[in-house]
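A.B. asks:
Chains as they are written, first to last, in the working numbering: chain A, 1 to 104; chain B, 1 to 206.
(1) If you measure beta-carbon to beta-carbon, which residues of the region 49 to 66 of chain A are closer than 7 angstroms to chain B?
(2) Does the distance from the CB of residue 79 of chain A to the CB of residue 40 of chain B come in under 8 angstroms?
(3) Give the secondary structure of residue 1 of chain B by DSSP, where H, G and I count as helix, E and B as strand, and everything else as coil.
(4) Select from the region 59 to 76 of chain B all residues with a C-beta closer than 9 angstroms to any C-beta belonging to chain A, and list them in chain order.
(5) Using a Cβ-Cβ cut-off of less than 8 angstroms, list which residues of the region 73 to 89 of chain A approach chain B; keep chain order.
(6) So, is residue 132 of chain B buried or exposed, given that buried needs 16 or more other C-beta atoms within 10 angstroms?
(7) Which first and last residues belong to the alpha helix (DSSP H) in which residue 93 of chain B is found?
(8) Are the CB atoms of residue 103 of chain B and residue 158 of chain B nearer to each other than 8 angstroms?
(9) Check whether chain A comes within 8 angstroms of residue 176 of chain B, counting only Cβ atoms and requiring the distance to be less than that.
(10) Can you pull the DSSP bridge partners for residue 62 of chain B?
(11) Can you give me the start and stop residues for the alpha helix (DSSP H) that residue 32 of chain B sits inside?
(12) Pull out every residue of the region 107 to 120 of chain B whose Cβ sits closer than 7 angstroms to any Cβ of chain A, in chain order.
(13) Label residue 142 of chain B either buried or exposed according to how many other C-beta atoms from any shown protein chain fall within 10 Å of its C-beta, with 16 as the threshold for buried.
(14) Could you give the distance in angstroms between the alpha-carbon of residue 59 of chain A and the alpha-carbon of residue 128 of chain B?
(15) Pick out whichever of B/94, B/138, B/83, B/150 has its Cα sitting closest to the Cα of residue 116 of chain B.
(16) Are the Cβ atoms of residue 105 of chain B and residue 70 of chain B separated by less than 8 angstroms?
(17) For residue 51 of chain B, I'd like the list of residues in its chain whose CB is within less than 7 angstroms of its CB, leaving aside the five on either flank, ordered along the chain.
Shown next, in the form of structure tokens:
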């Protein structure tokens, strides 16, 4: 087998390993869904698993890990900024639960 | 040839000699699209979370996980076949790359059909955009909006897979185009990883 073929088979092995990891993590989300815990705990656990899944897919399936380090930092900073700025409304949603959405 | 022509020629060569920011232009474009689309989906999911959190009688209409598990498996597998297609394209094996891209498209179609079947079942049970038999009418609007947006992306992706695959086989496109398409397809998969827990698994009827 040539060096190029070695490289190709190693790459396919890595792809398959990441694929299996993603399947296991997806399965873990389904297991969490049947745990007897409250909704907020369930939400947190599922979100953490989803973020790990997304990270693996972005780094290896989308080859972000192999891109220029500057581009990786650009995507990470931009995505984090966007996701953080979207979180401003949560406190207001709790206010809606308390039954006084437009007072106090 | 005048000095002006020489200057213009040199200038033009300088602009087109390499991609902007030392990064392939097509790849940069698809990444910018992905970042923009991330904002769209994140906004939808956060709005959905806001509504779910602030609504006491939020419906839990999903009796089991079989359908959504199957859809997840199909979409994850389609990401793997897309990777195989890109590897074959990079190796210059056009026929094999085309076959993997078409398998990816077929898996995308299977996902879309499973999704439509699920929609039809929910519609049969009386769920519409504005009302449902289980609780607040907001559920239908948010469910159909988020899953509909994702399904639109999958459908667009399938069309793109077929179009790019055929053109790649015909020699009009190259491996870079397959890579750009692959980035889009993997992004659709990543979005699904967040849709499943938020929209489906948190709304299981225990």
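Each residue gets a CB set at the ideal place from its N, CA and C atoms; glycine is no exception.
C.D. replies: Reading it off the structure:
(1) Listed by position along the chain: 50, 53, 54, 57, 58, 61, 62.
(2) no
(3) Any reading at residue 1 of chain B must be qualified, since the residue scores a pLDDT of 46, below 50, and its modelled position is unreliable; the value itself is stated next. It is coil, neither helix nor strand.
(4) Against chain A - using a Cβ distance shorter than 9 angstroms - the residues of the region 59 to 76 of chain B are 65, 68, 69, 72, 73, 76.
(5) 75, 78, 79, 82, 83, 86, 87, 89
(6) buried
(7) No alpha helix (DSSP H) contains residue 93 of chain B, which DSSP labels as neither H nor E.
(8) Their beta carbons are not under 8 angstroms apart, which means residue 103 of chain B does not touch residue 158 of chain B by this criterion.
(9) no
(10) B/204
(11) 25 to 54
(12) none
(13) buried
(14) Each residue's alpha carbon lies about 38 angstroms from the other.
(15) When each option's Cα is compared against that of residue 116 of chain B, the closest is B/150.
(16) no
(17) 138, 142
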